[in-house]
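S.K.: Quick one: the structure is below, questions incoming.
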Amino acid sequence: MIKLGYEPDIVTLNSLLNGFCHGNKISDAVALVHQMVEMGYQPDTVTFNTLIHGLFLHNKASEAVALVDRMVAKGCQPDLVTYGTVVNGLCKKGDTDLALSLLKKMEKGNIEADVVIYNTVIDGLCKYKHVNDALDLFNEMENKGTRPDVYSYNSLISCLCNYGRWSDASRLLSDMIEREINPDVVTFNALIDAFAKEGKLREADKLYEEMIKRSIDPDAFTYNSLINGFCMHDLLDEAKQMFEFMVSKDCLPDVVTYSTLIKGFCKCKRVEDGMELFYEMSQRGLVGDTVTYTTLIQGFFQAGDCDNAQQVFKKMVSVGISPSIMTYNILLDGLCNNGKLETALVIFHDLQKSKMDNDIVTYNIMIEGMCKAGKIEDGWILFCSLSLKGVKPDFITYTSMISGFCRKGLRGEADALFNKMKEDGPLPDSGIYNTLIRAHLRDGDKPASAELIKEMRNRGFVGDASTFGLVTNMLYDGRLDKSFLGMLS
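Numbering (full-length UniProt numbering), first residue to last: 1 to 489.
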């Protein structure tokens with residue numbers, strides 16, 4: 001344009017700048033502003049606001065904040081849009097402290113923050129779990145004469161619900177109604193979901209009725225929350241009725257709706273009803289997700305139906321739904337508990353070859369499965385390999401291995417691992433002490449048993465029913481004297 005003899009005005013250049021910022025050409029955008037200055041143009045507020053927004057879009061927050069000071073140095077005063085853009089960008093990246101300091105800077109510059117800017121910071125504080133700071137800012141906003149709106153209340157109500165502060169959240173709902181700030185579906189959903197999860201179903205139902213009274217249409221989230229609440233407390237008939245009512249109101253159930261109901265039925269060992277819902281879901285054109293399939297796999301295992309659990313897993317993989325580590329853990333645990341260790345090992349080895357990170361839960365399942373199946377050496381090899389994989393054994397890992405050694409009569413190995421646990425791992429509990437005490441008693445090692453009982457009592461633990469039973473039997477047939485019973489008591 002310039003080469004052809006046309007001199008663009010500032011509006012044209014700002015439009016070009018906006019194109020660069022939104023077209024993944026932030027370096028060109030910065031260069032354009034420098035070029036504008038060199039050509040004698042005076043960048044205006046729109047220029048700076050556009051570039052600041054672009055810098056945030058490209059994760060250059062520090063450069064964007066620095067540009068505000070440069071803007072002032074160039075004699076161009078930041079306006080509400082400038083501060084709104086910066087505050088929004090900072091809150092999105094979690095820098096709420098700097099966002100709050102900008103509010104103070106605005107105040108010093110006699111620029112009044114509007115409700116949108118306050119809402120942005122309140123929402124940011126809520127998302128990063130600074131609920132009390134958010135409430136303080138809400139009060140400060142009101143004290144400065146800025147009237148909150150439904151978005152202000154929604155952020156706070158949702159955050160308070162997440163923290164279990166339902167009475168505070170309910171008080172805010174009453175407050176907004178009293179001030180004629182109309183709650184919307186988001187407001188009610190936050191409260192209904194929180195109350196339903198906590199089993200406060202009566203309160204959730206009252207809120208639902210209040211929604212209807214106010215002509216606010218419940219959405220899928222509303223119904224899903226209520227259905228989930230019923231399912232969590234095994235009220236399956238009520239959950240199914242709510243589902244049918246949802247359909248009658250032309251609110252289409254989604255994958256979450258079906259997965260929630262399926263989980264409820266599986267939890268109550270009505271896995272066949274869960275499968276019926278799964279088929280109905282498919283007929284509606286909905287594709288089950290990882291949660292749906294994992295729930296069914298777990299349901300079949302809980303019902304003792306190992307074959308169908310494996311069939312669901314195969315179906316899941318065949319239709320292209322990726323199993324999560326939780327899916328694998330449930331599958332491996334179910335197989336191990338149903339005497340199918342060899343099948344579990346094949347899946348476990350395939351899992352190790354994949355790029356999925358195995359967590360300690362996965363290893364615990366396999367170590368426990370190996371030990372229960374009498375494959376103590378294999379369990380020990382896997383235990384010893386954990387450090388090479390960068391995985392730290394936890395309480396369950398040690399417990400499984402020590403119990404396995406004791407079952408096999410390998411007291412020396414059990415004692416050595418017990419000592420290692422006390423040095424490097426989590427502190428042993430009453431269960432481990434009792435397991436070792438019984439193992440030593442069965443082998444006739446009374447001194448070692450007495451030492452363990454003494455150590456256990458010093459740690460504040462007592463003998464359990466199995467240990468008392470063993471000691472009583474050994475007293476009866478003369479293998480122990482009464483002093484052992486006294487030590488346990």
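By construction, the Cβ of each residue, glycine as well, lies at the ideal position given by its N, Cα and C atoms.
Source: prediction; values computed, not measured.
Going by DSSP, what residue range makes up the alpha helix (DSSP H) through residue 441?
M.R.: 430–442
S.K.: Between the alpha carbons of residue 81 and residue 228, how many angstroms are there, rounded?
M.R.: 42 Å
S.K.: Rounded to whole angstroms, what's the CA-CA distance from residue 468 to residue 487? Just pull it up for me.
M.R.: Here the C-alpha atom of residue 468 lies approximately 11 Å from the C-alpha atom of residue 487.
S.K.: In angstroms, rounded to a whole number, what distance separates the CA positions of residue 334 and residue 365?
M.R.: 9 Å
S.K.: Taking the alpha carbon of residue 301 as the point to measure from, which residue in 362, 157, 318, 327 has its own alpha carbon closest?
M.R.: Residue 327 is the option with its Cα nearest to residue 301.
S.K.: State the DSSP-derived secondary structure class of residue 461, mapped to helix, strand or coil.
M.R.: coil
S.K.: To which residues of the same chain is residue 225 closer than 7 Å at the C-beta, ignoring the five residues directly before and after it?
M.R.: 189, 192, 193, 196
S.K.: With 16 other CB atoms within 10 Å as the buried threshold, where does residue 252 fall?
M.R.: exposed
S.K.: Just mark residue 39 as buried or exposed, buried being the case when its beta carbon has 16 or more other beta carbons within 10 Å.
M.R.: exposed
S.K.: Return yes when the Cβ of residue 359 is within less than 7 Å of the Cβ of residue 370, no when it is not.
M.R.: No.
S.K.: Among 154, 414, 292, 297, which one has its Cα closest to the Cα of residue 311?
M.R.: For residue 311, the closest C-alpha among the options 154, 414, 292, 297 is that of 297.
S.K.: Taking the straight line between their C-alpha atoms, what separation do you get for residue 36 and residue 117?
M.R.: 30 Å
S.K.: For residue 479, report the span of its alpha helix (DSSP H) as first-last.
M.R.: Run containing residue 479: none; DSSP gives neither H nor E here.
S.K.: Roughly how far, in whole angstroms, is the beta-carbon of residue 156 from the beta-carbon of residue 181, given that I think they are within contact range, below 8 Å?
M.R.: Going by Cβ atoms, the distance from residue 156 to residue 181 rounds to 12 Å, so no, they are not a contact pair.
S.K.: Which whole-angstrom value describes the C-beta separation of residue 47 and residue 14, a residue pair presumed to lie in contact below a C-beta threshold of 8 Å?
M.R.: 6 Å
S.K.: Going by the CB atoms, is the gap between residue 402 and residue 381 shorter than 7 Å?
M.R.: no
S.K.: Keeping to the same chain, check which residues put their C-beta closer than 8 Å to that of residue 330; ignore five residues upstream and five downstream.
M.R.: 294, 297, 298, 301
S.K.: Report buried or exposed for residue 483, applying the criterion of at least 16 other Cβ atoms within 10 angstroms of its Cβ.
M.R.: exposed
S.K.: Taking the beta carbon of residue 66 as the centre, do at least 16 other beta carbons fall within 10 Å, making it buried, or is it exposed?
M.R.: exposed
S.K.: According to DSSP, simplified to helix, strand and coil, what is residue 350?
M.R.: helix
S.K.: Leaving aside the five residues before and after residue 177 along the sequence, list all residues of the same chain whose C-beta is less than 8 Å from its C-beta, in chain order.
M.R.: Here the set comprises 183.
S.K.: Can you round the beta-carbon distance between residue 119 and residue 152 to whole angstroms, since I take them to be within the 8 Å contact cut?
M.R.: 5 Å
S.K.: Would you please state the rounded distance, in angstroms, between the beta carbons of residue 397 and residue 437? I believe it to be under 8 Å.
M.R.: Not confirmed; about 21 Å, so no contact.
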